[in-house]
Structure formats: structure tokens, C-alpha cells
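Student: Below is one structure. I have some questions about it.
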Amino acid sequence: MQYSDKVMEHFMNPRNIGEIENASGVGEVGNAKCGDIMKIFLDIDGDIIKDVKFKTFGCGSAIASSSMATEMIKGKTIQEALELTNKAVAEALDGLPPVKMHCSVLAEQAVKAALIDYSKKNNIHIPELDDVV
Ligand code: FES
Ligand code: FES
Numbered sequence: 388m389q390y391s392d393k394v395m396e397h398f399m400n401p402r403n404i405g406e407i408e409n410a411s412g413v414g415e416v417g418n419a420k421c422g423d424i425m426k427i428f429l430d431i432d433g434d435i436i437k438d439v440k441f442k443t444f445g446c447g448s449a450i451a452s453s454s455m456a457t458e459m460i461k462g463k464t465i466q467e468a469l470e471l472t473n474k475a476v477a478e479a480l481d482g483l484p485p486v487k488m489h490c491s492v493l494a495e496q497a498v499k500a501a502l503i504d505y506s507k508k509n510n511i512h513i514p515e516l517d518d519v520v
């Protein structure tokens, strides 16, 4: 299996690892197929994602995808984070092997799960999240 330099680099030196205490939103998703688990913590101020951290118990691609996804939404608005797709994460990593694409799906889902948690805690309705479970 061929991994891009970027995947290897984010795997060896992941950004934004850790937890946020009293996070505005926390999302945890698991992949039934491989058993890997990804947790994303968001610190949201107004409309801005001020900080984001992750904890991933999973394969190298899942760790690289989490690292890249956190970099891509840090400092962005909620709306921009909602637009983050697994494809964009994989592209930013210069691609993932086909059997590893689900690792990037996990990152998109974890970000959305954290935003759902945030919206529930704050009684905010985010229409884009209606069809995400
Ligand atoms: Fe293969 Fe853990 S399941 S290394
Ligand atoms: Fe399952 Fe990577 S192999 S998240």
C-alpha cells in the first residue's frame, strides 16, 4: 500500500492531539468495519471554531485524517466546518489508498457529530445537520 508523504507526515507528527476541557461540542464516532474510534473536541466562540483537538484510536490514515481535518477547521466558521467533506480531507493529504478512504469519512463524521453536540447543548438548529445521524 502506498501512502503519500503528507499522510506519513501527519501520522508521525499529528497536529491538535488531545482533549479540550469543557468543550463546546464533542463528537465520537466509530467504524463498525475496523473498530477504530475517533473523538473530536470543539471550542466554539460565537460562530468561530477557536480551538479543536482530537483523540483517535485507529490506523495511521485515521490519525492523519483527524490531524488534517482539525487543521482545516481551526479558526473557521461553523458554516465552513459543515462544508468539510471526507474527499477534501483525503485530497489535502494528497490522497488515501482506496481501502483507507473510510478513515477520512470518520473524520468528517466526527466533526459533524461534535457540531451536533454543540447545537444540542445550545439549542441551536443547524439545518445542514438534520440528515446527519
Ligand atoms: Fe490490525 Fe490492529 S487490527 S494492527
Ligand atoms: Fe478504520 Fe482507518 S482502518 S479508520
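This note's numbering numbers the first residue of the sequence shown as 388 and each following residue consecutively. Think of the CB as a built atom: it goes at the ideal place given N, C-alpha and C, for glycine as much as any other residue.
At what residues does the alpha helix (DSSP H) containing E406 begin and finish?
Tutor: Walking along the sequence shown from the start, residue 406 turns up at place 19. It is not in any alpha helix (DSSP H) - E406 carries neither H nor E in the DSSP assignment.
Student: Can you tell me whether DSSP reads V498 as helix, strand or coil?
Tutor: Taking the first residue of the sequence shown as 1, we reach residue 498 at position 111. Reduced to three states, the DSSP call for V498 is helix.
Student: Does ligand 2 have even one heavy atom less than 7 Å from the beta-carbon of K463?
Tutor: Within the sequence shown, residue 463 is the residue found at index 76, counting from 1. Every heavy atom of ligand 2 is 7 Å or more from the Cβ of K463, so no.
Student: Spatial neighbours of D430 within its chain, please: C-beta separation below 8 Å, excluding the five flanking residues on both sides.
Tutor: Position 43 of the sequence shown, counted from the start, is the residue given in the question as residue 430. The answer, listed in chain order, is I407, A410, S411, I436, K437, D438 and V439.
Student: Quick one: residues in its chain with C-beta nearer than 8 Å to the C-beta of D434, no 5 flanking neighbours on either side, listed in chain order?
Tutor: Locating residue 434 in the sequence shown gives position 47, where the first residue counts as 1. T464, I465 and Q466, listed in sequence order.
Student: Name the DSSP bridge partner or partners of I427?
Tutor: Walking along the sequence shown from the start, residue 427 turns up at place 40. DSSP lists G414 and F441 as partners of I427.
Student: Going by the beta-carbon positions, is the gap between I427 and G417 smaller than 8 Å?
Tutor: Translated into the one-based positions of the sequence shown, residue 427 becomes position 40. Translated into the one-based positions of the sequence shown, residue 417 becomes position 30. Cβ atoms of I427 and G417: not closer than 8 Å.
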